[in-house]
Amino acid sequence: MLSIQGVHKWLGHNHVLKGVDITVRTGEIVCILGPSGSGKSTLLRCINHLDPVDGGVIEVAGERIGYETHGTTLYEQGERKVAKARQQIGMVFQHFNLFGHMTVLGNVIYGPTKILGKPKAEAVQRAHELLAKVGLEDKAGSYPSQLSGGQQQRVAIARALAMEPRLMMFDEPTSALDPELVGEVLTTMRQVAEEGMTMVVVTHEIGFAREVADRVVFMDQGRVLEDGPARDVLDNPQHERTAGFLRRVH
Ligand code: ADP
Ligand code: MG
């Protein structure tokens with residue numbers, strides 16, 4: 026579903042990704058751990074084509090969209106291709122980024138109607154199903170400001186799922202939440218995982234990684250230091266830097 030080979034990324038003078046290789050098979054749940062500044066968000070941005078890569082190849086669902094760009098940007102290589110590839114990916118951020126002037130239902134049907142061109146009735150029906158799935162059926166008419174952070178994040182997950190992505194990516198989805206609201210979001214993510222969605226999750230929630238992830242990738246200073254079955258990486262890390270990180274976040 027996702028193949029990242031030898032990806033390099035520079036931000037200004039910063040060599041942020043230094044030859045990253047990661048493969049994610051269909052249905053796999055991969056958690057990416059690593060200290061702040063190690064390049065995790067940058068990697069997700071490259072996968073989602075928000076940022077062109079400076080070297081290497083990224084393929085999503087067999088579509089090759091990251092190239093050795095040789096000075097041209099990814100966008101110059103075909104905006105339509107990028108837009109199509111991006112549609113395969115659902116993205117959930119630390120800050121939920123809901124449209125504040127739209128109801129919950131409005132948020133969830135926006136993409137399907139405006140971007141996918143689905144009939145409104147169909148989008149509304151699907152939105153109600155998704156809101157039921159994330160436990161917010163009764164909030165369809167509420168505005169984001171009337172919801173807790175955990176509820177807003179669950180709406181963000183429903184909104185991403187409404188686009189029928191083949192891959193869901195989460196960038197520290199619970200980091201901005203009060204501790205008592207983290208559990209409900211992780212439960213929703215676990216449900217999405219159980220339905221067979223392919224997921225890449227950047228998180229510091231070790232318990233979630235241990236229970237839900239098939240694989241854990243540990244990134245440090247723009248490189249993948251470890252990549253293996255969740256239990257192997259979490260219980261028996263091969264690098265001192267991984268062990269140190271795990272001690273700190275536990
Ligand atoms: P993480 O998500 O793992 O915390 P990031 O991908 O956000 O890491 O950042 C990786 C590195 O890139 C950090 O050293 C950060 O300071 C640097 N960085 C992020 N954005 C920019 C930018 N616009 N210009 C230069 N450096 C940046
Ligand atoms: Mg980040």
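26 is the number of the first residue of the sequence shown in my numbering; add one for each residue after it.
Every residue gets a Cβ at the ideal spot worked out from N, C-alpha and C, and that includes glycine.
{"Check": "Nearest residue (CA-CA) to I231, options P137, T199, M222", "Outcome": "T199"}
{"Check": "Distance cut-off 7 Å: K34 Cβ against heavy atoms of ligand 2", "Outcome": "no"}
{"Check": "Heavy atom of ligand 2 within 7 Å of E197 beta-carbon", "Outcome": "yes"}
{"Check": "Whole-angstrom distance between M188 and A148, CA atom to CA atom", "Outcome": "10 Å"}
{"Check": "C-beta atoms of Q112 and L192 nearer than 8 Å", "Outcome": "no"}
{"Check": "Cβ-heavy atom distance, S170 to ligand 2, below 7 Å", "Outcome": "no"}
{"Check": "Three-state secondary structure (DSSP) of Y100", "Outcome": "At Y100 the pLDDT is 48, less than 50, meaning the model places this residue with poor confidence; the figure from the coordinates comes in the next sentence. Here Y100 sits in helix by DSSP."}
{"Check": "Proximity test, S66 beta-carbon vs ligand 2 heavy atom, cut-off 7 Å", "Outcome": "yes"}
{"Check": "Residue range of the beta strand (DSSP E) that includes V159", "Outcome": "That residue, V159, is in no beta strand (DSSP E); it is neither H nor E in DSSP."}
{"Check": "Local Cβ density within 10 Å of K34, reported as buried at 16 or more and exposed below that", "Outcome": "buried"}
{"Check": "Given 8 Å, three or more beta-carbon pairs between the region 254-272 and the region 52-64", "Outcome": "yes"}
{"Check": "At least three beta-carbon pairs within less than 8 Å, the region 222-230 to the region 137-153", "Outcome": "no"}
{"Check": "Where the alpha helix (DSSP H) containing I182 begins and where it ends", "Outcome": "174-186"}
{"Check": "Residue burial classification, Q171 (beta-carbon count within 10 angstroms, cutoff 16)", "Outcome": "exposed"}
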